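Visitor:
Numbering (this note's numbering), first residue to last: 102 to 459.
(1) If you run the structure through DSSP and keep just helix, strand and coil, what is residue 324?
(2) Residues in its own chain within less than 7 Å of residue 429 by CB, not counting five upstream and five downstream?
(3) Spatial neighbours of residue 446 within its chain, please: CB distance less than 8 Å, with the 5 preceding and 5 following residues excluded, ordered by chain position.
(4) Label residue 137 either buried or exposed according to how many other C-beta atoms from any shown protein chain fall within 10 Å of its C-beta, with 16 as the threshold for buried.
(5) Are the CB atoms of residue 250 and residue 220 nearer to each other than 7 Å?
(6) Out of 261, 313, 390 and 152, which has the shortest C-alpha to C-alpha gap to residue 214?
(7) Can you name the start and end residues of the beta strand (DSSP E) that residue 226 belongs to?
(8) In chain order, which alpha helix (DSSP H) runs of at least 4 residues are fully inside the region 170-249?
(9) Using three-state DSSP, classify residue 126 as helix, strand or coil.
(10) Let me check one thing: in DSSP terms, what residues is residue 289 bridge-paired to?
(11) Quickly, what does DSSP pair residue 281 with across the bridge? List them, please.
(12) Going by CA-CA distance only, name the one from 410, 235 and 381 that's closest to residue 425.
(13) Suppose only complete runs of 3+ residues qualify. What are the beta strand (DSSP E) ranges in the region 318-403, listed by chain order?
(14) To which residues of the same chain is residue 237 closer than 7 Å at the C-beta, ignoring the five residues directly before and after it?
(15) Determine the closest residue to residue 104 out of 118, 119 and 129, with distance taken between C-alpha atoms.
(16) State the start and end residues of the unbroken beta strand (DSSP E) segment that holds residue 416.
(17) Check the DSSP bridge columns for residue 252 and list the partner residues they point to.
(18) As a quick exercise: from 259, 268, 183 and 186, pick the residue whose alpha carbon is nearest that of residue 298.
(19) Assign residue 97 to one of three DSSP states: helix, strand, or coil.
(20) Any idea if residue 410 is buried or exposed, counting beta-carbon neighbours within 10 angstroms, 16 or more meaning buried?
(21) Considering only their Cβ atoms, is the gap separating residue 109 from residue 122 smaller than 7 Å?
(22) Quick check: the region 361-379 against the region 324-332, are there 3 or more CB pairs under 8 Å?
(23) Assuming residue 422 and residue 203 form a contact by the criterion Cβ under 8 Å, report the distance between their Cβ atoms to the nearest whole angstrom.
(24) Closest to residue 179 by CA distance: which of 418, 398 and 431 is it?
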């Protein structure tokens, strides 16, 4: 083996010197004279032995220590069922807890603060015997705590849900538990009440928390991922270790119809109907809105996002469990990160102080 700045052919052409690359930069030169190489071995078999010996000296997190005697166990509910569980139509709902049941070991999941911020589900499960935090958007209608008897759509970030997942994210970071964000979100709540409740401040707190976390975070775009909600839930701009998209995910700043309405807002009434009575103008507006909507729909395709490097990889839903387990094991093997020995998991004091008394 040899390594050189310029090979024998180049030296022969430049300096008219006949010499081999091995003479210039072989082991005799770089091991015994230049110091550019550390050791010399006689053959490939010995090289592999030496490499294993060096790797064995590297710092490690002793992954079996964190398994605590628990081996990898498959979910009770087969992960392949995810493909039939999540509707392709983003307007249809599903049970988010059933998604978790097809990802975690034994299909077991410990939900934290279930009575607060019901639109968000967060808690602890294991992947390959290793503890991991999960945050996922609940779909369908949820109770509105500020208006008893009223319900509001899930898949949206409201005040209590933001506070809950901010607290949970910090707790996972404190104990070095890797955190998985499973997104199916249309964005933050908007309107006069949302502003009065201070969603700007709550959202800023969540973004700050995720920006300063040091525990490994991984993001999965399950289905729709729109607006500031995508960013706040550890979207690509906030540097998760890996962001995965499924084959049915939709990534955009806003839905096509929403952007079309915003684009032609001055031509529409409060019910989003075209104001003009002129047939030609009405047709022009309708065609323009349809074109905007079609363009955004095309841009939402996960393969478009992948080509633009807006996501790291596209995975089949049936393969998602295997990916998450591999990522979790990778996180625990990373040296140099502070972790608390489970089963303490983390101190519950902060969570109870914030949510237990109310």
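C-beta: ideal position from N, C-alpha, C; glycine also. This one's a predicted model, so the numbers in the text were calculated from it and none came from an experiment.
Guide: Judging by the given coordinates:
(1) Here residue 324 sits in strand by DSSP.
(2) In its chain, beyond the 5 residues on either side, 228, 229, 231, 233 and 279 have a beta carbon closer than 7 Å to the beta carbon of residue 429.
(3) Only weak support is given to the placement of residue 446: the predicted model assigns it a pLDDT of 49, under 50, and the value that follows is read from those uncertain coordinates. Counting only residues of its own chain and dropping the five nearest sequence neighbours on each side, residue 446 has a CB closer than 8 Å to the CB of 225, 232, 276 and 278.
(4) Residue 137 comes out exposed.
(5) No, these two residues do not count as a Cβ contact at 7 Å.
(6) Checked all of 261, 313, 390 and 152; the closest Cα to residue 214 is 261.
(7) Run containing residue 226: 221-228, per the beta strand (DSSP E) assignment.
(8) DSSP runs (the alpha helix (DSSP H)) wholly in the region 170-249: 183-186 and 197-201.
(9) In the three-state reduction of the DSSP assignment, residue 126 falls in the helix class.
(10) 258.
(11) For residue 281, the pairing in a beta bridge is given by DSSP as 235 and 319.
(12) Out of 410, 235 and 381, 235 has the C-alpha closest to the C-alpha of residue 425.
(13) Listed in chain order, they are 318-327, 343-347 and 351-353.
(14) Excluding sequence neighbours, residue 237 sits near 197, 200, 201, 222 and 283.
(15) It is 129 whose Cα lies nearest to the Cα of residue 104.
(16) Per DSSP, residue 416 is one residue of the beta strand (DSSP E) stretching across 414-416.
(17) Answer is 244, bridged to residue 252.
(18) Taking only the C-alpha atoms, the option nearest residue 298 is 259.
(19) A query on residue 97 cannot be resolved here, the shown segment of the chain reaching from 102 to 459 and no further.
(20) Under this definition residue 410 is an exposed residue.
(21) The answer is yes: Cβ separation under 7 Å.
(22) Counting Cβ pairs under 8 Å, fewer than three are found: no touch.
(23) Confirmed, Cβ separation roughly 7 Å.
(24) Out of 418, 398 and 431, the CA that lies nearest to the CA of residue 179 is found in 418.
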